[in-house]
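Data first, discussion second: the structure below is written as C-alpha cells.
2 protein chains.
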Amino acid sequence: MPELDHGVPSEAPPPVPPPLTDVEAVPRRSTAEEARTLLAATNVATLATLSDDGGPWGSMVTYAALPDGSPVLCVSQLAEHGRNLARDARASLVVVDPAPVADPLAAGRVTLAGAVIRPAGEEHAAARAAYLAAVDSGRYYIDYTDFSLYVLRVERVRWVGGYGRMSSTDGADYAAAQADPIGGARGAVDHLNADHADALLAMARSLGGYPDATSARCTAADRYGLDLVVETERGTAPARVGFAEPVADPASLRGATVELTRRARASPAP
Amino acid sequence: MPELDHGVPSEAPPPVPPPLTDVEAVPRRSTAEEARTLLAATNVATLATLSDDGGPWGSMVTYAALPDGSPVLCVSQLAEHGRNLARDARASLVVVDPAPVADPLAAGRVTLAGAVIRPAGEEHAAARAAYLAAVDSGRYYIDYTDFSLYVLRVERVRWVGGYGRMSSTDGADYAAAQADPIGGARGAVDHLNADHADALLAMARSLGGYPDATSARCTAADRYGLDLVVETERGTAPARVGFAEPVADPASLRGATVELTRRARASPAP
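Taken in order, these protein sequences are the chains called A and B.
To convert, count from 1 in the first sequence and add 672; that's the numbering used here.
To convert, count from 1 in the second sequence and add 672; that's the numbering used here.
Spelled out as C-alpha cells, the structure:
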C-alpha cells in the first residue's frame, strides 16, 4: 500500500509469499485508463453537490460520457441536485464497478471532481445524443422544461482499485486516455477459470514467478494482461502475466490468451 | 408525480387506465420506513463530504446502522473523505436498493444528510460492534490507528422510490421508524410470478380495481401488501392489494399472501 502508512493492526491478513523467479514487469492500465474504463462500464453514479447551506448532498444519477470522458447529466431543476447545480457548479461523480464482488471494498471505483457547465451548440447536441444513447428512459424526460443537460468538466480524478490500489490524476490526463476496449471481460475471466485451469497454472509457474504454484485462478483481465491469484505451499499470492501486445478489441482477447498460454508452456521450467 | 410540475414532454409514456371499481386504500411504508428498509438492505453507500476548498466530494464507503438507524462509518484519515470529515462534520450518505432493476431510475434510493460525530463510551462500543457485524473485512482495518469510527446524526432524509415516488422526512421520524421486516422479498415476488399468476389475477380483478384485468404481475412486496402491474385491454396499470394485517416477520409472508388470495377469490366479481 504505497500511499498508506497504517499504525499497528489488530488482525492482519496473512503474509504474501514472494515470487521465486524474476518476473518481467507487465504494464497495467494507467489511473486515467482505469477511470475511463469504469465510466464506460455503467450509466449509474452518485453525484455530490452543494446544498443551499453549503453542506454536501449526495444523489443517484444516470449519466453518459462524451468522447473525452466528460460525464453528461440530465437533471431536473425540481430536484435538490438540480437546484444545487444551478446555484453552485461544483460537483463530483462517483462510479463504482458494477461487477459483483464478495467484498465491496475490493471493488473498483472512481471520483471525478470538477464543475458542471450547461453545454451549448455542438457540445449540447453531442451531450444530448450521448445521454439518449446511454440512458434508455432519457427520451421520456430529456425535453421536459425543468430538465437541464450538464457536462462535468473533470479537474481531479481519484481512483481506488481495491485494497492498496489507488492513485490520482488530473482532468487533462483523464481526457486523453481511452477506456480499456475489453472492459471488465468477466465472461472471459469466468471461462478461463472454468475451462483452462491448466493454462493458468502454466502461466503462474513459468511467467508469473511461482514455479511452486499448485493452482492459479484469474481474477481480472485487461488489455495488457491477466491478474492471477496463485496457491502455493508457502501461501496465497497475486501474480500478473502480460499479453505480447495490448489487446485492441474484445474479439482479439481470445487469441492473445492463447498466445500467452503457448508462451507459458514453451518457457523452460525454472 | 405529486411534487413535480413538468413542462411539455416530447415523448410521454402511454396513459394509465383508471380502476373500474372502488378500491380500499392500502397502507404503504412511510418515508422513514422506506429509508430504514433501504439502509438494512446493504452495507455499501456513497458518502458526500466537503473537500478543503469547500467543494463536494463523493466516495464509496461501507457502513453499518445503529438500532436507531444512524449510519456507522469507519474511515481512514489518510483518505480524502476521512480528512474531510475531520475538518467539517457535515456529510450525506446515499444508499441505493441493491436489487437489480432494468431501469436504474426506477430503483429505490435515499439520501441521509446531517453531521458525523466521533462516538464515545457505550455508543463507541455499539458502533464498533455494529460495523464489525455488517462489514466482514472490517476486522482487518478497524484497529489501524489511522481509522476512525463515525456516527452520522441524521437530520434530513430524502427518499426516491422510483419515477414519481419521492418524499422527505426528518431525523426524528427516521430514528423512530423500523426497517420492513420482509425487506425487498424478491424471492417471494419471483415465486408469486412464477407459480401463482392465477392468484395475482384474482387479486387484481376483485380487490385491485381492475375487473377487466387479463393478467397481473407482482412488482414488489412489503409488510402492508403487494404492488401489481395489471394488463387490461385499456392498457397497463399499477394496482395495490393489502394484507389483512402488517406482516411481522419473513416467515409470516406466505400465510398473509394465502389469506389475501382466499379473500380475492371469495369476493364477488363486481
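Note that the Cβ used here is the ideal one computed from N, Cα and C, for glycine as well.
For clarity, every value in this text was computed on a predicted model and none was experimentally measured.
Leaving out five residues on either side along the sequence, give the residues of the same chain with a beta carbon under 6 Å from the beta carbon of residue i.
i: Gly730 (chain B); result: Thr718, Ala720
i: Ala928 (chain B); result: Phe915, Val919
i: Leu879 (chain A); result: Val913, Ala936
i: Arg906 (chain B); result: Pro689
i: Ala876 (chain A); result: Tyr882, Ala885, Ala888, Leu900, Val902, Ala911
Just reading off the beta strand (DSSP E) that residue i is part of, what are its end residues?
i: Ala720 (chain A); result: 716–722
i: Leu898 (chain B); result: 897–904
i: Ala911 (chain B); result: 907–914
i: Ser702 (chain A); result: Careful: Ser702 (chain A) lies outside any beta strand (DSSP E) and carries neither H nor E.
i: Ser731 (chain A); result: 728–734
i: Ala893 (chain A); result: 887–894
i: Leu745 (chain B); result: 743–748
Indicate whether at least one CB of chain A lies closer than 9 Å to the CB of residue i.
i: Glu752 (chain B); result: yes
i: Leu777 (chain B); result: yes
i: Ser809 (chain B); result: yes
i: Gly881 (chain B); result: no
i: Arg755 (chain B); result: no
i: Thr891 (chain B); result: no
i: Pro978 (chain B); result: Residue coverage of chain B in this structure runs from 673 to 942, which leaves residue 978 (chain B) outside it and unanswerable.
i: Ala799 (chain B); result: no
i: Val747 (chain B); result: no
i: Leu821 (chain B); result: no
i: Ser764 (chain B); result: yes
i: Val680 (chain B); result: Since pLDDT at Val680 (chain B) reaches only 49, below the 50 mark, its modelled position is unreliable, and the value read off the structure follows with that caveat. True, the Cβ-Cβ gap to chain A drops below 9 Å.
i: Thr703 (chain B); result: no
i: Gly856 (chain B); result: no
i: Arg934 (chain B); result: no
i: Asn715 (chain B); result: yes
i: Ala712 (chain B); result: no
i: Ala758 (chain B); result: no
i: Ala805 (chain B); result: no
i: Ala785 (chain B); result: yes
To which residues of the same chain is residue i closer than 7 Å at the C-beta, ignoring the five residues directly before and after it?
i: Ser764 (chain A); result: Ala720, Thr783, Leu784, Ala785
i: Arg937 (chain A); result: Ala874
i: Ala802 (chain A); result: Ala736, Ala737, Leu738, Val744
i: Leu872 (chain B); result: Leu864, Ala888, Arg889, Cys890, Leu900
i: Ala857 (chain A); result: Ala893, Leu925
i: Asp852 (chain A); result: Arg701, Glu705, Thr709, Asp894, Arg895
Quick one: is residue i near chain B, going by C-beta distance under 9 Å?
i: Ser731 (chain A); result: yes
i: Val768 (chain A); result: yes
i: Val826 (chain A); result: no
i: Thr709 (chain A); result: no
i: Pro674 (chain A); result: For Pro674 (chain A), the pLDDT reaches just 42, beneath the cut-off of 50, and the residue's location in the model is therefore unreliable, leaving the point undetermined.
i: Arg830 (chain A); result: yes
i: Ser887 (chain A); result: no
i: Ala720 (chain A); result: yes
i: Pro739 (chain A); result: no
i: Glu726 (chain A); result: The sequence shown places Gly at residue 726 (chain A), rather than the Glu named in the question. By this cut-off, Gly726 (chain A) is an interface position.
i: Ser723 (chain A); result: yes
i: Arg781 (chain A); result: yes
i: Thr841 (chain A); result: no
i: Thr734 (chain A); result: yes
i: Ile909 (chain A); result: For the record, residue 909 (chain A) in the displayed sequence is Ala; it is not Ile. Closer than 9 Å: no.
i: Ala866 (chain A); result: no
On the DSSP bridge assignment, give the partners of residue i in chain order.
i: Ser924 (chain A); result: Note: Ser924 (chain A) sits in no beta bridge, so no partner.
i: Ile789 (chain A); result: A:Val823
i: Arg837 (chain B); result: B:Gly834
i: Arg934 (chain B); result: Answer is none; Arg934 (chain B) lacks a bridge partner.
i: His765 (chain B); result: Checking the displayed sequence, the identity of residue 765 (chain B) turns out to be Leu instead of His. Partner(s): B:Leu719, B:Leu784.
i: Arg828 (chain B); result: B:Ala785, B:Asp842
i: Ala860 (chain A); result: Answer is none; Ala860 (chain A) lacks a bridge partner.
i: Ala712 (chain A); result: DSSP, once it has assigned bridges, lists no residue as partnering Ala712 (chain A).
Following the continuous alpha helix (DSSP H) through residue i, name the residue where it begins and the one where it ends.
i: Tyr803 (chain A); result: 793–806
i: Leu872 (chain A); result: 869–878
i: Pro812 (chain B); result: Reading off the sequence shown, one finds Tyr at residue 812 (chain B), where the question assumed Pro. Run containing Tyr812 (chain B): 810–813, per the alpha helix (DSSP H) assignment.
i: Gly843 (chain B); result: 843–848
i: Leu757 (chain B); result: 752–759
Is residue i near the ligand NAP, with its Cβ less than 8 Å from a heavy atom?
i: Asp899 (chain A); result: This structure simply doesn't include the ligand NAP, nor any ligand for that matter.
Identify, in the order they occur along the chain, each residue of the same chain with its Cβ nearer than 8 Å to the Cβ of residue i, setting aside the five sequence neighbours on each side.
i: Ala844 (chain B); result: none
i: Ile789 (chain B); result: Ala761, Tyr822, Val823, Arg825
i: Ser742 (chain A); result: Val823, Leu824, Arg825, Val826, Ala847
i: Ser723 (chain A); result: Trp729, Glu752, Asn756
Count the CB pairs spanning the segment 893–907 of chain A and the segment 699–719 of chain A that are closer than 8 Å, and state whether there are at least three.
yes
Is there contact here, the segment 768–781 of chain A with the segment 802–818 of chain A, by at least three beta-carbon pairs under 8 Å?
no
Evaluate contact between the segment 764–774 of chain B and the segment 688–704 of chain B, counting only Cβ atoms and requiring at least three cross-stretch pairs below 8 Å.
As far as the Cβ criterion goes, the segment 764–774 of chain B does not touch the segment 688–704 of chain B, which means the pair count is below three.
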